[in-house]
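Chains as they are written, first to last, in the UniProt record's numbering: chain A, 1 to 340; chain B, 1 to 281.
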């Protein structure tokens with residue numbers, strides 16, 4: 001077991017809306033080891049981004065972190081004074097947001113914005129910080145960085161802005177990088193380039209990455225471990241191989257089956273997951289997926305614990321796996337049910 | 001960073017002939033006001049024999065209904081009007097921006113309190129405040145500027161507050177927070193630079209309001225006292241004679257108009273220079 005860099009335990013975040021308390025994240029736990037790449041997958045509204053923001057203490061009213069523990073290198077991040085946070089953010093924990101079109105200040109040059117982070121955290125002077133910004137831009141693959149550094153965000157394309165964001169995030173050599181859907185707003189070819197860049201930069205440093213995405217393809221490409229989220233809960237966690245080949249949860253299975261298969265029959269129909277996610281205002285007790293689960297049975301009215309599933313550290317939130325370490329397919333076979 | 005911004009402003013100025021004219025106008029007005037004492041005429045000397053002379057060689061701007069040389073009055077009046085217009089613009093913008101940014105950025109209780117305060121001041125007729133203050137404060141140009149500013153900052157603060165509220169939700173502000181920036185760092189580096197164009201537009205409008213407000217204040221006996229001239233009071237005095245001697249209204253009106261126009265043109269150049277997207281040609 002590697003040293004745990006980040007541990008999240010039983011995190012709960014709610015938004016107090018007029019309609020009631022929206023329990024966006026209810027009980028999320030996971031671990032990130034030093035140098036790991038963890039993917040957090042889930043559909044829209046599953047609480048991925050809220051989890052990321054909660055780690056960075058960026059939840060603003062009407063949101064509130066209700067409970068749970070977040071530890072970074074063993075030190076609790078909850079209730080950390082703002083002053084400490086300012087030393088941590090951008091320096092040891094950095095973040096990249098989804099939309100590169102709005103993440104940069106339109107009236108400041110690119111160089112200024114990267115240099116600002118360096119000057120604050122590394123105490124570099126103006127000249128030195130600018131020089132380092134040029135280096136960072138070169139590192140993320142921007143041509144003519146000496147000229148580019150004096151340009152404004154509108155002179156950069158979306159993909160290049162996201163490269164700039166990555167450069168900014170990595171400029172202080174953080175121990176943890178949280179990337180909240182960094183490729184979602186970009187087109188597919190640029191997505192692939194950025195993922196390559198991330199993987200390549202990852203090999204050069206031992207920065208751990210938490211990659212939030214709804215794209216299983218992205219997860220397969222860059223992640224080592226995966227957390228599958230649904231309705232504010234972790235449904236399944238394990239290595240990429242576990243998730244893809246030893247699937248433990250019916251929801252994960254549903255996600256995988258709704259993807260087009262390579263080499264699949266021509267004009268093969270994709271299998272969607274029927275129904276829609278539950279309302280998180282006053283959610284019903286029990287397994288959140290049971291309304292849409294093809295295998296739901298009486299016991300699902302009660303919330304299952306995370307159960308050991310075939311594989312190392314592979315666990316799923318499903319009653320079907322009760323009584324022995326095995327995959328969903330094996331469990332179904334035992335019950336004499338065919339996969340549906 | 002700022003150097004390149006100012007270079008943008010310079011380039012914009014060079015490319016824009018109206019900008020050069022505006023600077024010339026303001027410089028000429030300022031110099032004329034500063035060196036008003038060089039004029040051989042006394043602005044307050046009455047001469048009933050010479051009253052209401054139309055503009056000519058003896059009196060460039062004619063004379064008013066007391067026979068005072070209108071050109072000399074315009075020169076001396078410019079001292080007060082330009083000083084008051086410019087300084088009141090700076091002061092009211094300063095107050096308005098500070099309150100607006102704090103209110104918009106921090107929100108919540110601070111916002112409610114500050115905005116209610118703004119509404120209270122706006123709801124009291126300004127002349128009531130003026131009359132009250134004129135009892136307690138000695139009439140002087142300094143006090144005049146302060147009072148005018150105190151009556152003018154509310155609009156800017158409301159505009160700035162609204163803009164700040166929208167700016168603070170931008171992702172780069174969240175990002176600045178996520179990269180360890182403090183609240184005041186965010187305000188200084190990310191909010192204020194994005195407010196520049198909004199501020200400049202309202203600030204240039206305030207120059208005109210300040211010049212006009214000065215005339216009503218002087219009319220009320222606060223500020224510049226009776227025989228001394230200001231552009232605003234000259235315009236005020238011309239009211240009854242508009243048809244027989246229109247030049248009495250035209251000259252001070254034209255001076256105010258040119259001043260305000262020049263400030264607007266310069267403001268526009270500053271705005272374009274500071275906005276990176278508009279600045280590049």
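Note that the Cβ used here is the ideal one computed from N, Cα and C, for glycine as well.
On a predicted model such as this, the values are computed, not experimentally measured, just so you know.
Backbone CA spacing between residue i and residue j [nearest angstrom]
i	j	result
residue 95 (chain B)	residue 157 (chain B)	8 Å
residue 261 (chain B)	residue 7 (chain B)	23 Å
residue 196 (chain A)	residue 113 (chain A)	24 Å
residue 122 (chain B)	residue 212 (chain A)	49 Å
residue 75 (chain B)	residue 193 (chain B)	37 Å
residue 89 (chain A)	residue 323 (chain A)	43 Å
residue 82 (chain B)	residue 208 (chain B)	10 Å
residue 102 (chain B)	residue 117 (chain B)	13 Å
residue 307 (chain B)	residue 92 (chain B)	There is no way to answer for residue 307 (chain B), as the model of chain B reaches only from 1 to 281.
residue 253 (chain A)	residue 271 (chain A)	10 Å
residue 127 (chain B)	residue 100 (chain B)	24 Å
residue 132 (chain A)	residue 172 (chain B)	21 Å
residue 32 (chain A)	residue 207 (chain A)	11 Å
residue 101 (chain A)	residue 164 (chain A)	11 Å
residue 320 (chain A)	residue 335 (chain A)	9 Å
residue 115 (chain B)	residue 228 (chain A)	46 Å
residue 154 (chain B)	residue 161 (chain B)	10 Å
residue 186 (chain A)	residue 280 (chain A)	29 Å
residue 49 (chain B)	residue 39 (chain B)	21 Å
residue 28 (chain A)	residue 6 (chain A)	13 Å
residue 168 (chain A)	residue 127 (chain A)	17 Å
residue 157 (chain A)	residue 176 (chain B)	21 Å
Short CB-CB distance (under 8 Å) between residue i and chain B
i	result
residue 91 (chain A)	yes
residue 253 (chain A)	no
residue 1 (chain A)	Because the pLDDT of residue 1 (chain A) is 45, which lies under 50, any placement of that residue in the model is unreliable, and the number read from its coordinates should be weighed accordingly. No, residue 1 (chain A) lies away from the interface with chain B (no Cβ there is under 8 Å from its Cβ).
residue 146 (chain A)	no
residue 162 (chain A)	no
residue 102 (chain A)	yes
residue 136 (chain A)	no
residue 36 (chain A)	no
residue 94 (chain A)	yes
residue 116 (chain A)	yes
residue 271 (chain A)	no
Residue i, DSSP secondary structure in three states
i	result
residue 199 (chain A)	helix
residue 1 (chain A)	Below a pLDDT of 50, predicted positions are generally treated as unreliable, and residue 1 (chain A), at 45, falls in that range; the measurement from the model is reported next regardless. Correct three-state label for residue 1 (chain A): coil.
residue 22 (chain A)	strand
residue 154 (chain A)	helix
residue 142 (chain A)	coil
residue 71 (chain A)	strand
residue 271 (chain B)	helix
residue 225 (chain A)	strand
residue 64 (chain B)	coil
residue 245 (chain B)	coil
With 16 other Cβ atoms within 10 Å as the buried cut-off, status of residue i
i	result
residue 83 (chain A)	exposed
residue 136 (chain B)	exposed
residue 256 (chain B)	buried
residue 297 (chain A)	exposed
residue 289 (chain B)	A question about residue 289 (chain B) goes unanswered here, because the residues of chain B that appear run from 1 up to 281.
residue 254 (chain B)	exposed
residue 40 (chain A)	buried
residue 18 (chain A)	exposed
residue 51 (chain A)	buried
residue 147 (chain A)	exposed
residue 305 (chain A)	exposed
residue 251 (chain A)	buried
residue 259 (chain B)	buried
residue 224 (chain B)	buried
residue 60 (chain A)	exposed
residue 231 (chain A)	buried
residue 280 (chain B)	Confidence in residue 280 (chain B) is poor, its pLDDT being 47 and thus under 50, which makes the residue's placement unreliable; the coordinate value appears in the next sentence. Exposed, because fewer than 16 other Cβ atoms sit within 10 Å of the Cβ of residue 280 (chain B).
Min CB distance residue i to chain A below 8 Å
i	result
residue 182 (chain B)	yes
residue 193 (chain B)	yes
residue 73 (chain B)	no
residue 271 (chain B)	no
residue 275 (chain B)	yes
residue 189 (chain B)	yes
beta-carbon residue i near the ligand GTP non-hydrogen atom, thresh 7 Å
i	result
residue 113 (chain B)	Looking for the ligand GTP in the displayed structure turns up nothing, as the structure carries no ligands at all.
- chain A contacts from the segment 135-158 of chain B (Cβ-Cβ distance under 7 Å): For the segment 135-158 of chain B, the set of residues with a beta-carbon nearer than 7 Å to any beta-carbon of chain A is empty.
- Name, going along the chain, the residues of the segment 10-24 of chain A whose beta-carbon falls closer than 9 Å to a beta-carbon of chain B. Taking a C-beta cut-off of 9 Å against chain B, none of the residues of the segment 10-24 of chain A qualify.
- Message: What are the residues in the segment 170-181 of chain B lying within 9 Å of chain A by C-beta distance?
- Response: Within the segment 170-181 of chain B, the residues whose Cβ lies closer than 9 Å to some Cβ of chain A are 170, 171, 172, 173, 174, 175, 176, 177, 178, 179, 180, 181, listed in chain order.
- Closer than 7 Å, Cβ to any Cβ of chain B: which residues of the segment 54-69 of chain A, in chain order? Against chain B - using a Cβ distance shorter than 7 Å - the residues of the segment 54-69 of chain A are 56, 58.
- Query: According to a CB-to-CB cut-off of less than 7 Å, which residues of the segment 41-65 of chain B neighbour chain A?
  - Reply: Listed in sequence order: no entries.
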